[in-house]
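Under our numbering, the first residue of the sequence shown is numbered 3, with each subsequent residue one higher.
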Amino acid sequence: MSIAKNLLEVQNSIPKNTTLIAVSKTKPVEAILEAYKAGQRIFGENKIQEMVEKYHELPKDIEWHMIGHLQSNKVKFMAEFVNLIHGVDSLKKLKEINKQALKHNRTINCLLQIKIAREDSKFGLSINEAENLLKSDDLQTLKNINITGFMGMASFTENETIIRTEFKTLKNFLNSSKIYTSFNFKPVTLSMGMSGDYKIAIEEGSTMIRVGSAIFGIRNYI
Ligand SMILES: *Cc1c(COP(=O)(O)O)cnc(C)c1O
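Rendered as C-alpha cells:
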C-alpha cells in the first residue's frame, strides 16, 4: 500500500469537516513529501526537535501540530511556526507558550490535554484540574495564546464501550466548559481519535483526528 493511497482511504472515510492530522513522527521527509504531494498539508509530530528539523526541510505551507508531551524548555524552538499545540497540561506551560509567542509577535493556539483513559500512564489534566485552570485569574493575563479546545486519548483496549465512554466524557466537557469565559478561551476543537479508534471518535463528536500508522504504516520503533 502506498502512502497516497492510504491517505485517500482515510480521507474518504471521514466527514469533510473533520480535520485530519497526518502523524509523521519517526517518518522521513520523503514519506511526508509523498503525503504532501497527495494534498495533505497538516502534519503532527511528538518531538519538538524532530518537528523543527522537518519544518526547515519541507514546504512552508505545511501546518505543524505538536501532539506529544510538552517540555517547557523546548517551546522556544517551535514558537515561530507551530500551528497548534495539542498536549498542554498546565498553566505553567501555557505561560511559557505565551512568553515565547510574544517574542515572535504571534498568538499560538493550544488544546488542553484531558486525561480520559483509565490507565494512569497517560498525560493530561483531570477535568477538575482543567476547570481550575480555566477559572484562574492568571489565564486572563495570557494575551498571546488561545485555548481552542481539548485533546484526549482513549484507553488502549479492544473494548469499544470503554473507548466510546471516554470520548463521550471529553465531548461533554467541551459543552460544559462553555461557562468559563476568558477572551483567550474558545472551545470548538475536540482532538480525539487515532488510527485504531478514529471512526468511534468521530461518531462521538471529534472534530480533529490524529492518524499515523493508517497512513504511513507501522512506525520504525517500538
Ligand atoms: C502517535 C500518536 C498518534 C497516532 O497514532 P497511530 O495509532 O499511529 O494513528 C496520535 N496521537 C498521539 C498523541 C500520538 O503520539
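For each residue, glycine too, the CB sits at the ideal point set by N, CA and C.
These numbers were taken from a predicted model, which means no experiment stands behind them.
**Request:** Could you pull out every residue in the same chain whose Cβ sits closer than 6 Å to the Cβ of Ser208, ignoring the five residues on either side in sequence?
**Result:** Contacts found: Leu192, Met194 and Gly195.
**Request:** May I ask which residues mark the beginning and end of the alpha helix (DSSP H) holding Phe169?
**Result:** Taken as a continuous stretch (DSSP letters only), the alpha helix (DSSP H) holding Phe169 covers Glu162 to Ser178.
**Prompt:** Beta carbon of Ala203: closer than 8 Å to some heavy atom of ligand 1?
**Reply:** Checking the 8 Å criterion, the Cβ of Ala203 is out of range of every heavy atom belonging to ligand 1.
**Request:** May I ask whether a heavy atom of ligand 3 can be found less than 8 Å away from the beta carbon of Met196?
**Result:** Inclusion of ligand 3 in the displayed structure is not the case, the ligand content consisting of ligand 1 alone.
**Request:** Rounded to whole angstroms, what's the CA-CA distance from Ala103 to His88? Just pull it up for me.
**Result:** Going by the C-alpha atoms only, they are around 16 Å apart.
**Prompt:** So Gly154 packs on Leu172, CB below 8 Å; how close in whole Å?
**Reply:** By a beta-carbon distance limit of 8 Å, Gly154 contacts Leu172. Their separation comes to about 4 Å.
**Asked** Exposed or buried, which one is Ser179 when buried takes at least 16 other CB atoms within 10 Å?
**Response** Buried.
**Asked** To which residues of the same chain is Asn85 closer than 8 Å at the C-beta, ignoring the five residues directly before and after it?
**Response** Once the five neighbours on either side are set aside, the close Cβ partners of Asn85 are Ile44, Glu65, Trp66, His67 and Asn111.
**Message:** I'd like to confirm the pairing. Which residues does DSSP put opposite Met196 in its beta bridges?
**Reply:** Met196 pairs with nothing; no bridge assigned.
**Message:** Give me the residue from Tyr38, Leu10 and Glu55 with the minimum Cα distance to Thr28.
**Reply:** When each option's Cα is compared against that of Thr28, the closest is Glu55.
**Request:** State yes or no: is the beta carbon of Glu65 nearer than 9 Å to at least one beta carbon in chain C?
**Result:** In the structure shown, chain C does not exist; there is a single protein chain.
**Prompt:** Secondary structure at Glu65, three-state DSSP: helix, strand or coil?
**Reply:** Residue state, collapsed to three classes: strand.
**Asked** CB-CB under 7 Å to Ala119, same chain, minus the five flanking residues each way: which ones, in chain order?
**Response** The answer, listed in chain order, is Met155, Ala156, Ser157 and Glu168.
**Identity of the residues DSSP links to Phe187 by a beta bridge** = Paired residues: Ile149.
**Among Leu136, Arg166, Ser184 and Lys39, nearest to Glu206 - alpha-carbon criterion** = Glu206 has its Cα closest to that of Arg166, out of Leu136, Arg166, Ser184 and Lys39.
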